[in-house]
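Undergrad: First, the structure itself, so that you have it in front of you.
Right, dumping it as structure tokens:
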């Protein structure tokens, strides 16, 4: 995340494309499209990580149990 006060390349590109007011429904649609895009990208990256690390549902169960033991 950019916290320097400068706009990111994505923000600059969106400003070029959407230099006019949108109807609220259009804005809502665009937010949904962007949200889906980033969710799919994150999911794809997690799938790659799971495969690279050899993780499974059993791995997740182990992590949950470790977390619960440390908490109690």
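Residue numbers (the numbering used here): 6 to 77.
Just so it is clear, CB atoms sit at the ideal spot from N, CA and C, and this is done for glycine as well.
Keep in mind that this is a model prediction, so the values were computed, not measured.
1) Run through DSSP, which three-state label would residue 32 get?
2) Where residue 14 and residue 74 are concerned, what is the direct C-alpha to C-alpha distance, given to the nearest angstrom?
3) Taking only the alpha-carbon atoms, compute the straight-line gap between residue 35 and residue 42 and give it to the nearest angstrom.
4) How long is the line joining the alpha carbons of residue 33 and residue 51, rounded to whole angstroms?
5) Tell me whether residue 40 sits in a helix, a strand or coil according to DSSP, three-state version.
TA: Straight from the coordinates:
1) As a working mapping, residue 32 is identified with position 27 in the chain shown. When secondary structure is reduced to three states using DSSP, residue 32 falls in the helix class.
2) In the chain shown, counting from the first residue as 1, residue 14 sits at position 9. In the chain shown, counting from the first residue as 1, residue 74 sits at position 69. Approximately 44 Å between the Cα atoms of the pair.
3) If you number the chain shown from 1, residue 35 lands on position 30. If you number the chain shown from 1, residue 42 lands on position 37. Taking the straight line from one Cα to the other gives about 10 Å.
4) Taking the first residue of the chain shown as position 1, residue 33 is located at position 28. Taking the first residue of the chain shown as position 1, residue 51 is located at position 46. Taken atom to atom, the span from the alpha-carbon of residue 33 to that of residue 51 is near 27 Å.
5) As a working note, residue 40 is residue 35 in the chain shown. Looking at residue 40 - three-state DSSP - the assignment turns out to be helix.
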